[in-house]
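Take a look at the structure below.
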Amino acid sequence: MADRVLVVSSRFPWPPVTGDRGRVVAWLEALAPHANVTLVAPEGRVPVAVPPFRFVPVHRSAARLASAAWQTAKTGLPATALLAAGYDWPGALVPAEREWGPFDVAVVLLARLDPWVFPHLRAKRRVLDAIDSLAGNLEERARAARGPGRRLWRLEARRTARLERDAASRYDRVLVIAESERAAFGERATAIFHGVRLDRRAKDPRDFDVGFWGRLAYFANRDAAAYLLEEIWPRIRRAKPDASLVIAGADAPAFVRRRSGHDGITVISPMVDRSGLLRRVRVALFPVRFGSGQSTRVPEAAEASCALVATPEAVRGLGTIAAEAIVESEPERLAARVLGLLADPGAAAAQGERLRLVAEREFSRSDACRRLAEAALGEDQTRTS
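Here you go:
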């Protein structure tokens, strides 16, 4: 008999425009061939072409949020935990257990969800998919902030680090997205990236010289977009006045949208056909200065055979891709390396081909799904199902 698996997410996973949403979709793809899966998450419209699972929506609750705010203030939980608190989790988890359980495995996405759902989990085996360390992310924000904001971010980072350690100790298995994130959760943590889908190789002409993409409202991407537009793109356009740039992704800020149609810039927000758009980009440029975890868009660029110029922060935890990419820190060097690739299409195509081979070898979604399923169910269960 197939295992019964409960997946709990604080956000509805579609569209998968954030890392945690994409991770939930990966879990559903990984588990559906081997188990009966139930997803508990906030309400939303489930797309048609998705793996089979049962969906139990969790409803918002002002009373639960008020109670959680009191608990947060009293116990020193991080304020960011409240992002997952305003829902009637017992009102969804208890009926799900009664109707579709008992569950053999429960997978909880993100440590901030743990305080509100762990007391209601009855599964035999519990897995925390922390994805990455939010404490590390908050430390990055503290370094970028000034004045009182810096102290507040550091306080939040300390509280978040404590929650992450405590949560990790309560689960049978802890997963993160990159090796660089394991230390925050203890020696039992395992790194499994969720991979990228390997579509057809790009054959059509690439009509955008440079591309940058991501969820543009996220502070690290917002900073990178501003850095690109203010410090790097003007240098490229001075040397190559006909150069074209596409900036794509969900929730583009106004300062990005205003640039569309000027200076060779096209802004696409939201980005609907990700795979098709990336295959139109010659050089992927990621001038990221902040953030934690492991970037999904860098393997996406490799999968699409884009040439790649990036900062060290953008390729953190991606050593095999970084080995084939061009990595620079200063805006003038980033601009110069992009211009060098645009001036030598053969070199750009060759680098893109090498990166594609890395994506095929190490970042395929099918391999990642196999590893996720084994982490939750065990190798024996995935082999016999």
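Residue numbers (the numbering used here): 2 to 386.
Each residue gets a CB set at the ideal place from its N, CA and C atoms; glycine is no exception.
The Cβ atoms of A285 and V359 lie no closer than 8 Å to each other. For A315, the closest of E331, S306, A324 and F291 by C-alpha to C-alpha distance is F291. Annotated three-state conformation of L111 is coil, per DSSP. Rounded to the nearest whole angstrom, the CA to CA distance from V247 to A324 is 25 Å.
The DSSP-derived three-state label of S11 is coil. In the assembly as shown, P48 is an exposed residue. Its beta-carbon has fewer than 16 other beta-carbons within 10 Å.
With respect to the C-alpha of F220, the residue from R283, R144 and G196 having the closest C-alpha is R144. For L340 against K241, the beta-carbon gap comes to about 6 Å, under 8 Å, which counts as contact. Your pair V8 and V26 does not check out as a contact, with CB atoms roughly 10 Å apart and the cut at 8 Å.
Within the stretch 192-241, complete beta strand (DSSP E) segments of at least 3 residues are found at 209-214, given in chain order.
For T267, the enclosing beta strand (DSSP E) stretches over residues I266 to I269. The alpha carbon of S134 has as its nearest neighbour, out of K125, R99, L176 and P96, the alpha carbon of L176. Cβ contact annotation for A86 (same chain, cutoff 8 Å, sequence separation greater than five): R65, L66, A69, A70, T73, P116 and W117, in chain order. Leaving aside the five residues that flank D105 on each side, the residues in its chain whose CB is nearer than 7 Å to its CB run, in chain order, D4, R5, V6, A124, K125 and R126. Only residues of its own chain outside the window of five on either side were considered, and among them G20, G23, H195 and V197 have a CB closer than 8 Å to the CB of T297, listed in chain order. Straight across, the Cα-Cα distance linking W90 with T39 is about 14 Å. Under the three-state reduction of DSSP output, F287 falls in the strand class. Beta-bridge annotation (DSSP): T39 is paired with L7 and R55.
Here DSSP, grouped into helix, strand and coil, assigns A131 to strand.
A residue is called buried once 16 or more other Cβ atoms fall within 10 Å of its Cβ, and T76, having fewer, is exposed.
Minimum Cα-Cα distance from G353 among the listed residues R372, L279 and C370 corresponds to L279.
In this chain, V310 is not harboured by any alpha helix (DSSP H); it is covered by the beta strand (DSSP E) spanning A308 to A311. Within its own chain, the residues whose Cβ lies closer than 7 Å to the Cβ of V257, once the five positions on either side in sequence are excluded, are L217, A226, I248 and V268, listed in chain order. Under the 10 Å beta carbon count, H35 is surrounded by 16 or more other beta carbons and is classified as buried. Its Cα nearest to that of L343, the residue L309 stands out among F287, L309, A168 and T321.
The secondary-structure analysis by DSSP pairs L246 across a beta bridge with V211 and I266. The three-state secondary structure of R159, taken from DSSP, is helix. For the pair A184 and L129, the CB atoms are not nearer than the 8 Å cut-off. A direct Cα-Cα distance of roughly 16 Å separates L229 from V299.
Each residue's CA atom was taken as its position, placing R223 and P254 some 8 Å apart. Boundaries cannot be given for V47, as no beta strand (DSSP E) includes it and DSSP labels it neither H nor E. Contiguous beta strand (DSSP E) elements confined to the stretch 327-357 do not occur, taking only those with 3 or more residues. F13 and L29 do not touch by the CB rule: their CB atoms are close to 12 Å apart, not below 8 Å.
Here DSSP, grouped into helix, strand and coil, assigns R366 to helix.
Contiguous alpha helix (DSSP H) elements confined to the stretch 74-124 occur at 90-101 and 115-118, taking only those with 4 or more residues. E329 and P96 have their C-alpha atoms roughly 53 Å apart.
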